[in-house]
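Peer 1:
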Amino acid sequence: MVEWGYTKNPMIGRVLPLGLCLFIVSWAAVPESKPVDANAPIWKNDIVPDLGRVQTRNELLLDRNRAGLAFLNNQQLIVYAVYQRLGELSSRKSPEQTSPFRLNVWILDSKSGDVKAQKEWRTRRHDSAVQATSGGVLVKTGGLVRLYSPDFTHVRDLPLPLDANARILTSVSTSGKTIMVDRLPPKILNAFHDHFDVLDAISLTNRYSWDQSPPLYSRYSISDTGIVTATSDGRTINSTYFGNSRWQVLLDDPQQTCLGGRPTLVTDELVVMHCKDLIVLTTSSGVSYTLPIDLGGTTDTVPTEICESYGEGLGDKTSVAPASHVIALSLPILRIKKHFLQETTTCLAGLRVIGFDLAQKKQNLTLNVDPLPKNDYDFALSPDGSMLAILNDRRVSVYSVGD
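Numbering (this note's numbering), first residue to last: 22 to 424.
Take a look at the structure:
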């Protein structure tokens, strides 16, 4: 009879403890398997240098287009940022003259994050933007708006008498086929109307031109056929066709208060807007349905010591994948901090990007933005809806979107 740990064979007696020891060591050396992080990016890379950046979050500006990103297609991602070169003077006449500000653009491989090209323009402190269209890359440097080829080797001016001193806003439809230019008078405080021009993104043919009064104050989005806008509290949403002065009420709910108050056209007829829930409307019949927003945890899970100053603008954007009914929206988590004998402070305690598949009517992404952005923040979906890119200060990260 052989008892555990004992044998009459002296060789076996020596080998058994040694083999058991080796087994234990080899078992301990096997790395512990860890669950895959659902929020792990496909890649991340520090693209935007921190030297010469213009601080933005604490400034009361008319726009926040200091940095951003956009998918040119499923293979190429555009990242842009405005720099200030110290020691140079700024010209009030034209951004193409002496100016300390530069608009830099990087084109990245969306699958790997490798930088494929870089371009630089002189610009202004305000009103810089880069947008992807079906006709190329729309670049706005102050009052100058031009359409470049995807490799920036060819440039076309928009057929509009643009005033370099006026404030100019540009919008691109979800399909990328339509560009709308919103021209406001140079004196913002005396501006009581917008002047809109709607252009074909490929031919740059001017399709519509009209004045809008009172102004829409940039609380709108466009499709290839029309425009939707909302009141400042988000309780009323109106729509109209291009060139039409009649507005149709899509939503009028005095009890509703929306976080961003900015409707987004997914298609020519489908509109989304996030309030407590995601509201989905159609331009023909009004409210279609609502989808509950799952925050993936309550605000109680956020450390109470976190209190970044909230400069607004983090929850007023919705990105749309034009090849599918997939959208992504940004939800800031706010906390009110009370002070003794002082005004309360609105704290940015967290930030999440929420994705929805409208075709399946379900939420398909909940992503925490960590760390919280201090200066630059933007996000965009790829045209096919399979990837989400996030700009968080210097870093660009790309995530997979799906089940």
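Even glycine gets a Cβ: it sits at the ideal position worked out from N, Cα and C.
Here's the rule: buried if 16 or more other CB atoms are within 10 angstroms of the residue's CB, otherwise exposed. What is ALA49?
Peer 2: Interpretation of ALA49 is limited by its pLDDT of 37, a score under 50 that renders its predicted location unreliable; the figure taken from the coordinates is listed afterwards. ALA49 should be labelled exposed.
Peer 1: On a Cα-Cα basis, can you pick out the residue from GLY157, ASN396 and GLY163 that is closest to SER170?
Peer 2: GLY157
Peer 1: Once DSSP output is grouped into helix, strand and coil, what is the label at ILE314?
Peer 2: coil
Peer 1: What runs of the beta strand (DSSP E), each 3 residues or longer, lie entirely inside the stretch 175-258?
Peer 2: Scanning the stretch 175-258 for uninterrupted beta strand (DSSP E) segments of 3 residues or longer gives 176-178, 188-193, 199-205, 215-221, 227-233, 241-243 and 247-251, listed from N- to C-terminal end.
Peer 1: Counting Cβ pairs, one atom from each stretch, are 3 or more of them under 8 angstroms apart for the stretch 263-278 and the stretch 297-304?
Peer 2: yes
Peer 1: Give the secondary structure of GLY336 by DSSP, where H, G and I count as helix, E and B as strand, and everything else as coil.
Peer 2: In the structure shown, GLY336 sits in coil (DSSP, three-state: anything other than H, G, I, E or B).
Peer 1: Thinking C-beta only, is LEU369 closer than 8 angstroms to VAL100?
Peer 2: Contact: no.
Peer 1: For ILE375, which of helix, strand or coil comes out of DSSP?
Peer 2: Three-state result, ILE375: strand.
Peer 1: Residues in its own chain within less than 6 angstroms of TRP142 by CB, not counting five upstream and five downstream?
Peer 2: Cβ within range, chain order: LEU124 and THR162.
Peer 1: Is the beta carbon of ILE426 sitting closer than 8 angstroms to the one on ILE375?
Peer 2: An answer regarding residue 426 cannot be provided, because it is not within the stretch 22 to 424 covered by the chain.
Peer 1: Using the beta-carbon count (16 or more within 10 Å), is PRO62 buried or exposed?
Peer 2: Here PRO62 is buried. Its C-beta has 16 or more other C-beta atoms within 10 Å.
Peer 1: In its own chain, which residues sit with a C-beta less than 6 angstroms from the C-beta of TYR310, not counting the 5 before and 5 after it?
Peer 2: VAL301
Peer 1: Here's a check: name, in chain order, each residue in its chain whose Cβ is nearer than 6 angstroms to the Cβ of ALA102, leaving out the five neighbours to either side.
Peer 2: VAL69, ALA88 and ASN125
Peer 1: Leaving out five residues on either side along the sequence, give the residues of the same chain with a beta carbon under 6 angstroms from the beta carbon of HIS175.
Peer 2: none
Peer 1: In terms of residue numbering, what span does the beta strand (DSSP E) encompassing ILE300 cover?
Peer 2: 299-303
Peer 1: Counting along the chain, where does the beta strand (DSSP E) carrying ALA61 start and finish?
Peer 2: No beta strand (DSSP E) contains ALA61, which DSSP labels as neither H nor E.
Peer 1: Distance, Cα to Cα, HIS346 vs LYS382?
Peer 2: 10 angstroms
Peer 1: Can you look up ILE354 in the DSSP assignment and give me helix, strand or coil?
Peer 2: strand
Peer 1: Per DSSP, GLU141 forms a beta bridge with which residues?
Peer 2: The partner list for GLU141 (beta bridge, DSSP) reads ASN125.
Peer 1: DSSP on CYS296, reduced to helix/strand/coil?
Peer 2: coil
Peer 1: Taking PRO353 as the reference, give the member of GLY197, ASP337, THR365 and ASP71 with the closest Cα.
Peer 2: ASP337
Peer 1: Assess, as a yes-or-no matter, whether the stretch 282-296 is touched by the stretch 237-254 under the definition of 3 or more beta carbon pairs within less than 8 angstroms.
Peer 2: Inter-segment contact for the stretch 237-254 and the stretch 282-296 is present: three or more beta-carbon pairs are separated by less than 8 angstroms.
Peer 1: For a test of the three-state rule: what should DSSP assign to ARG416, helix, strand or coil?
Peer 2: strand
Peer 1: To which residues of the same chain is ILE348 closer than 8 angstroms at the C-beta, ignoring the five residues directly before and after it?
Peer 2: Cβ contact annotation for ILE348 (same chain, cutoff 8 angstroms, sequence separation greater than five): THR285, VAL287, VAL293, THR339, SER340, VAL341, ALA342, GLY376, PHE377, LEU379 and LEU402, in chain order.
Peer 1: Are ASP218 and PRO236 closer than 8 angstroms when you measure CB to CB?
Peer 2: no
Peer 1: In whole angstroms, what is the alpha-carbon distance linking ARG177 and LEU355?
Peer 2: 44 angstroms
Peer 1: So, at 6 angstroms on beta carbons, what are the nonlocal neighbours of SER244 in its own chain, with the 5 sequence-adjacent residues on each side left out?
Peer 2: For SER244, same chain residues with a beta-carbon under 6 angstroms away, outside a window of 5 residues either side, are SER194, LEU286 and ASP289 in chain order.
Peer 1: With DSSP as the reference, label GLN276 as helix, strand or coil.
Peer 2: coil
Peer 1: In angstroms with no decimal places, state the Cα-to-Cα distance between GLY197 and LYS359.
Peer 2: 45 angstroms
Peer 1: May I have the straight-line CA-CA distance separating LEU225 from LEU98, to the nearest angstrom?
Peer 2: A straight line joining the alpha-carbon of LEU225 with that of LEU98 spans about 23 angstroms.
Peer 1: Closest by CA to ASP254, which one among TYR241, ARG267 and CYS279?
Peer 2: CYS279
Peer 1: Give the range of the beta strand (DSSP E) segment to which ARG167 is assigned.
Peer 2: 165-169
Peer 1: What does the alpha-carbon distance come out to for the pair ARG415 and ASP391?
Peer 2: Taking the straight line from one Cα to the other gives about 13 angstroms.
Peer 1: Leaving out five residues before and five after ALA138 in sequence, what residues of the same chain have Cβ atoms less than 6 angstroms from its Cβ?
Peer 2: ILE128
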